[in-house]
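Accompanying notes for the structure given below.
So this is what it looks like as structure tokens:
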């Protein structure tokens with residue numbers, strides 16, 4: 001087991017590591033929002049009368065295209081961020097999962113907000129267009145269900161990686177929520193059972209001493 005002086009240091013490193021991972025997820029989501037705002041297609045309409053417009057044939061499909069692009073970008077950010085976070089060994093554990101779910105949820109909302117702001121800046125809504133004029137409306141996500149994809153995939157990838165890992169502590173050097181912080185190669189005395197005097201020790205794994213053991217005197 002680690003000494004008392006080492007436990008707070010490893011806890012501090014794990015908390016800092018999870019915080020850095022969460023910040024990286026938010027930054028990646030913000031960048032993805034900018035990309036979506038630049039690439040999302042607009043919806044074109046023809047002004048029929050003041051304050052009203054008719055959608056051109058086929059333009060309504062761009063609403064689905066915009067949401068589909070948003071979901072795909074969120075999925076890419078989720079997978080890459082989860083794999084990148086897994087590479088930071090000290091953070092592996094429940095704390096990383098909770099941090100990734102929270103950061104991915106906030107990142108998806110940030111991605112939507114920044115993306116719609118960029119799309120609105122590129123194609124501002126006309127104030128008073130003339131009748132017969134073609135106008136382009138900025139893309140919008142339109143549904144909050146699209147925000148669930150990023151945290152769902154991030155948690156799923158982490159669960160998949162943890163399930164495939166052979167080590168109990170996931171090679172993080174810790175054991176517990178924020179770490180029981182026991183080294184993976186440590187040997188605890190509790191793993192060894194002590195038998196009465198004259199008998200050999202054995203371990204839980206079933207290993208035993210094959211050498212002959214002294215026999216006691218038979219009772220008369």
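In the UniProt record's numbering, the protein residues as written are 1 to 220. From the three backbone atoms N, C-alpha and C, an ideal C-beta is built for every residue, glycine too. Treat the numbers as computed from the prediction; the structure is a model and nothing was measured.
Residue 110 and residue 154 - do their beta-carbons sit closer together than 9 Å?
No, the Cβ-Cβ distance between residue 154 and residue 110 is not below 9 Å.
Please name the residue, chosen from 74, 103, 159 and 115, that lies closest to residue 145 on a Cα-to-Cα basis.
The residue with the shortest Cα to Cα distance from residue 145 is 74.
To the nearest angstrom, report how far apart residue 124 and residue 32 are at their CA atoms.
A direct Cα-to-Cα measurement between residue 124 and residue 32 gives close to 21 Å.
Using the Cβ count rule (16 or more neighbours within 10 Å means buried), how would you classify residue 166?
With fewer than 16 other Cβ atoms within 10 Å, it is exposed.
Please name the residue or residues paired with residue 43 in a DSSP beta bridge.
137.
Which residue's Cα is closest to the Cα of residue 152: 89, 104, 15 and 69?
Nearest Cα to residue 152 within the set 89, 104, 15 and 69: 104.
Residues in the same chain with beta-carbon distance under 6 Å from residue 136, minus the five sequence neighbours each way, listed in chain order, please.
Within the same chain, residue 136 has close Cβ partners 42, 44 and 123.
Whole-angstrom distance between residue 127 and residue 120, CA atom to CA atom:
Counting only the Cα atoms, residue 127 lies some 13 Å from residue 120.
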